[in-house]
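The next block holds one structure in the form of structure tokens; read it before the comments.
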Amino acid sequence: MKSVRVEQPKGPFKLVDEKIVEPAREQVRIRVQACGICHSDMFTKEGAWPGITYPRSPGHEIAGVIDALGEDLGDWKVGDRVGVGWHGGNCFRCDPCRRGDFVNCKFLKIPGISYDGGYTAHVIAPVEALAHIPDVLRPEEAAPLMCAGITTFNALRHSGAGPGDLVGIQGIGGLGHLGIQFAAKSGYDVVAIGRGEDKEPLALKLGARRYIDGSKQDVAAELNKDGGATVILVTAPDSKAIGALVDGLGVRGRLVIVGASPEPFAVSSIQLISLQRTILGWPAGTSKDSEDTLKFAAQTGVRAMIETFPIERAAEGYERMMTGKVRFRAVLMH
Numbered sequence: 439m440k441s442v443r444v445e446q447p448k449g450p451f452k453l454v455d456e457k458i459v460e461p462a463r464e465q466v467r468i469r470v471q472a473c474g475i476c477h478s479d480m481f482t483k484e485g486a487w488p489g490i491t492y493p494r495s496p497g498h499e500i501a502g503v504i505d506a507l508g509e510d511l512g513d514w515k516v517g518d519r520v521g522v523g524w525h526g527g528n529c530f531r532c533d534p535c536r537r538g539d540f541v542n543c544k545f546l547k548i549p550g551i552s553y554d555g556g557y558t559a560h561v562i563a564p565v566e567a568l569a570h571i572p573d574v575l576r577p578e579e580a581a582p583l584m585c586a587g588i589t590t591f592n593a594l595r596h597s598g599a600g601p602g603d604l605v606g607i608q609g610i611g612g613l614g615h616l617g618i619q620f621a622a623k624s625g626y627d628v629v630a631i632g633r634g635e636d637k638e639p640l641a642l643k644l645g646a647r648r649y650i651d652g653s654k655q656d657v658a659a660e661l662n663k664d665g666g667a668t669v670i671l672v673t674a675p676d677s678k679a680i681g682a683l684v685d686g687l688g689v690r691g692r693l694v695i696v697g698a699s700p701e702p703f704a705v706s707s708i709q710l711i712s713l714q715r716t717i718l719g720w721p722a723g724t725s726k727d728s729e730d731t732l733k734f735a736a737q738t739g740v741r742a743m744i745e746t747f748p749i750e751r752a753a754e755g756y757e758r759m760m761t762g763k764v765r766f767r768a769v770l771m772h
């Protein structure tokens with residue numbers, strides 16, 4: 439099978455031929471049809487994840503078809519359309535797992551980090567990582583929903599916001615353009631927050647009621663004109679802007695952060711104590727959360743804006759993603 443792999447930290451992508459292997463007990467083999475290229479693939483490319491071993495094929499936005507089964511797989515069968523996301527398996531034995539909190543497993547498996555991911559033609563994955571893909575979604579549509587999609591959808595549905603509540607979506611990129619759609623389809627009063635007036639037409643087309651240009655407007659003041667936001671979903675890490683967003687939250691408002699960055703941001707205790715505001719981070723979710731995301735997208739028409747690349751052009755797709763040139767998700771096609 440054709441695989442794109444990294445053989446050492448910061449090494450180049452190499453296209454190689456590898457042997458197709460058989461799944462073990464409680465594993466399936468997936469014939470990969472599409473795999474999203476995510477910013478988190480940087481952990482594999484740059485060797486930034488503790489304990490990662492090489493060679494390794496990245497990719498945790500996998501969409502494909504089961505083509506081989508191990509033992510003890512329940513109702514899964516060959517031919518099932520499945521996706522695998524960031525939650526690529528868990529131990530079932532650590533304290534979080536014993537509490538049913540599988541996404542916070544101490545030994546969480548991540549495709550492309552713990553084992554070879556979707557930059558390969560076939561992936562061996564544990565059964566608990568599988569999500570059913572609805573028939574209406576093409577592989578290239580399903581793949582980005584396995585990380586960017588579930589991250590925004592799952593964060594919003596657990597944010598505490600209800601239909602009609604004012605919800606701000608900060609950032610109109612790979613995560614944000616999906617967040618706007620999920621928020622609008624969930625019945626929220628959606629305000630998109632970005633920088634530059636050129637982003638306004640797209641934000642409104644995706645379902646936002648209004649757009650706030652942070653390069654020209656005081657975002658918090660604009661949100662407070664409508665009573666303050668119940669939730670602001672932060673999808674684009676901007677340490678200078680994030681702290682100021684807290685002032686745009688209403689009573690018991692929540693700043694929910696899904697855009698990952700090592701950069702700290704400044705927030706005063708007064709900002710939080712005032713109106714009992716909260717800041718929280720949200721990871722993606724389990725395979726079942728991914729399944730819910732796919733089902734919701736299939737029912738409501740939420741789709742990622744994508745650029746596709748054949749597996750032979752993986753390096754080009756990765757570079758366009760890392761430089762922010764892709765609009766808005768890059769997807770490898772096998």
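Using my numbering, the final residue of the sequence shown is 772, and nothing's skipped along the way.
All residues carry an ideal CB built from backbone N, CA and C; glycine is no exception.
Proximity of residue i and residue j at Cβ, strictly below 8 Å
i	j	result
P582	A742	yes
Q619	G602	no
P549	G526	yes
Q655	V684	no
A752	Y557	yes
I458	M480	no
L604	D539	no
A674	G614	yes
F766	G609	no
I680	V672	yes
L575	A735	yes
G508	R469	no
A621	I631	no
L770	G755	yes
I396	S728	Nothing in the structure corresponds to residue 396, since the chain is present only between 439 and 772.
S725	P702	no
C585	G489	no
E464	D510	yes
A682	A659	no
G485	P447	yes
A506	P461	yes
DSSP three-state assignment for residue i, whether helix, strand or coil
i	result
P582	helix
P748	strand
S728	helix
Y756	helix
M405	A query on residue 405 cannot be resolved here, the shown segment of the chain reaching from 439 to 772 and no further.
I504	strand
I548	coil
G606	strand
R648	strand
T716	strand
G485	coil
R463	coil
H525	coil
D627	strand
H615	helix
A569	strand
L708	The displayed chain sequence assigns Ile, not Leu, to residue 708. If DSSP states are grouped into helix, strand and coil, I708 belongs with the helices.
For residue j and residue i, believed in contact at Cβ under 8 Å, the rounded distance
i	j	result
G617	L642	About 15 Å separates the two Cβ atoms, so there is no contact after all.
H498	G523	6 Å
L661	G686	4 Å
S495	D554	4 Å
E578	A472	5 Å
I504	V466	5 Å
H570	D513	Rounded, the Cβ-Cβ distance is 10 Å, inconsistent with contact.
V696	V669	The pair is not a contact, with the Cβ atoms about 12 Å apart (cut-off 8 Å).
G739	L713	Not quite, the Cβ-Cβ distance comes to about 35 Å (not below 8 Å), so this is no contact.
E750	L453	6 Å
C532	K544	4 Å
Beta bridge counterpart(s) of residue i as assigned by DSSP
i	result
K452	R443
Y492	Y492 is not bridged to any residue.
T414	Here the chain has residues from 439 to 772 only, and residue 414 is not among them.
R767	I744
P564	Q465
C473	I500, L770
G632	D651
V657	In the DSSP output, where bridge partners are listed per residue, V657 has none listed.
R519	V503
G692	According to the sequence displayed, residue 692 carries Arg and not Gly. Looking at the DSSP assignment, R692 forms a beta bridge with V669, T716.
> Counting only runs that start and end within the stretch 664–688, where is the beta strand (DSSP E) found for 3 or more residues in a row?
Replying inline: The stretch 664–688 contains these whole beta strand (DSSP E) runs: 667–672.
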